[in-house]
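Top line first, the protein sequences correspond to chains P and X.
Going by the numbering used here, the first sequence opens with residue 1408, and the numbers climb by one from there.
Going by the numbering used here, the second sequence opens with residue -1, and the numbers climb by one from there.
Even glycine gets a Cβ: it sits at the ideal position worked out from N, Cα and C.
Heads up: the structure comes next, in structure tokens.
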Amino acid sequence: AQSVTQLGSHVSVSEGALVLLRCNYSSSVPPYLFWYVQYPNQGLQLLLKYTTGATLVKGINGFEAEFKKSETSFHLTKPSAHMSDAAEYFCAVSAYNQGGKLIFGQGTELSVKP
Amino acid sequence: EPEVTQTPSHQVTQMGQEVILRCVPISNHLYFYWYRQILGQKVEFLVSFYNNEISEKSEIFDDQFSVERPDGSNFTLKIRSTKLEDSAMYFCASLRRQGTDTQYFGPGTRLTVL
């Protein structure tokens, strides 16, 4: 079975500050890990994903995440927040033998203050 | 860029009525999914569909739900007799092949059951 825990349902940062959104996963097989972003009244857009290979993955809009197997974590970071980053962020896990099904975390709402 | 589309964007129905939510997946994709998101909660997997049959379904996907790919392009979710608790955003997603490929989501249909 797989599960995802996102620490912090709401994170608030100032514009230009570091963004750190935390995600921990549980998986009995090697995981595929994803971060999706949801802007108000829109669908889910893939930010980045880890499947195999390099553990530091870069995504769109300056976001990156590092897969740390020993910590079962896949935290999302961005060095400098922009107002347009305000959105809901979802971490998700899948696996090669799970038929592509995604298991999502509860989501973290990111607010960016001017 | 190809995208997943969903209609309608918002559906209001009376409790006990049947609703059909429609999705057009990306044309060369082979795996199709429905997820739902109750307001303020996480995105939950409902069902996956491949080769014209359900490959996996969650415990949420009971006998009131059904899926169909009637014409090789549309992918539909039917709820036979809606309940108040079916009110949610329903997302369709598609995937070209399992493994490392990206699952693309539609913009969602907001279902309101009165």
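Roughly how many angstroms lie between the CA atoms of residue 1504 of chain P and residue 1521 of chain P, to the nearest whole one?
44 Å
Starting from the beta carbon of residue 1467 of chain P, find every residue of chain X whose beta carbon is closer than 7 Å, and list them in chain order.
Chain X residues near residue 1467 of chain P: none, gap ~12 Å exceeds 7 Å.
Taking Cβ-Cβ distances shorter than 7 Å, what residues in chain X pair up with residue 1456 of chain P?
100
Check residue 51 of chain X in the structure and name its three-state DSSP category.
strand
Interface residues of chain X facing residue 1512 of chain P [CB-CB closer than 8 Å]:
40
Establish whether the CB of residue 103 of chain X and some CB of chain P are separated by less than 8 Å.
yes
Considering only their Cβ atoms, is the gap separating residue 56 of chain X from residue 66 of chain X smaller than 8 Å?
no
Where does residue 1421 of chain P fall in DSSP's three states?
Assignment of residue 1421 of chain P by DSSP, reduced to helix, strand and coil, places it in the strand class.
Assuming residue 7 of chain X and residue 29 of chain X are in contact, meaning their beta carbons sit under 8 Å apart, how far apart are those beta carbons, in whole angstroms?
The Cβ separation is near 24 Å, so there is no contact.
If you run the structure through DSSP and keep just helix, strand and coil, what is residue 87 of chain X?
strand
With H, G and I counted as helix, E and B as strand and the rest as coil, what does DSSP make of residue 77 of chain X?
In the structure shown, residue 77 of chain X sits in a strand (DSSP, three-state: E or B).
State yes or no: is the beta carbon of residue 83 of chain X nearer than 8 Å to at least one beta carbon in chain P?
no
Tell me, please, whether the CB atom of residue 29 of chain X is closer than 8 Å to any CB atom in chain P?
yes
Please confirm if residue 1428 of chain P has its CB atom under 8 Å from at least one CB of chain X.
no
Are residue 64 of chain X and residue 76 of chain X touching if we call contact CB-CB under 8 Å?
Taking a C-beta distance under 8 Å as the contact criterion, residue 64 of chain X and residue 76 of chain X qualify as a contact pair.
Grab the span of the beta strand (DSSP E) containing residue 1409 of chain P for me, first residue to last.
Here residue 1409 of chain P belongs to no beta strand (DSSP E), and DSSP marks it neither H nor E.
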